[in-house]
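Visitor:
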């Protein structure tokens with residue numbers, strides 16, 4: 073299984089109810105916002121910095137996101153989506169290290 077090192081910035085729970093099937097159970101999951109660190113050195117004309125990606129996954133991912141923001145090894149997979157196009161999904165997360173923000177980056181202190 074191939075792992076991709078990512079900086080996961082945030083995780084948000086969601087619950088969606090199908091309006092056409094009001095008595096059905098809601099679909100629950102987690103949306104992750106992340107930066108794929110393997111793409112940080114890709115140079116393109118007219119582009120700087122790192123893109124932030126959003127991906128949704130099963131609600132089980134919530135418990136795997138213990139320390140955010142943080143560095144994680146992420147296993148991605150794919151399945152057929154609408155029209156047979158590949159849809160990327162998160163299979164698993166493994167915590168690597170916390171992301172430390174520099175001291176002078178936070179709110180300004182009163183003097």
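Residue numbers (the working numbering): 73 to 183.
Note that CB positions come from ideal geometry on N, CA and C, so glycine has one too.
Return the first residue and the last residue of the beta strand (DSSP E) that residue 145 is part of.
Guide: 142-152 is the span of the beta strand (DSSP E), which, as asked, contains residue 145.
Visitor: Do you know offhand how far residue 163's Cα is from residue 118's?
Guide: For residue 163 and residue 118, the distance between alpha carbons rounds to 33 Å.
Visitor: Taking residue 135 as part of the alpha helix (DSSP H), name the residues at either end of that continuous run.
Guide: Its alpha helix (DSSP H) spans residues 133-136.
Visitor: Between the alpha carbons of residue 157 and residue 151, how many angstroms are there, rounded?
Guide: Computed Cα separation, rounded: 8 Å.
Visitor: Is residue 129 helix, strand or coil by DSSP?
Guide: Here residue 129 sits in strand by DSSP.
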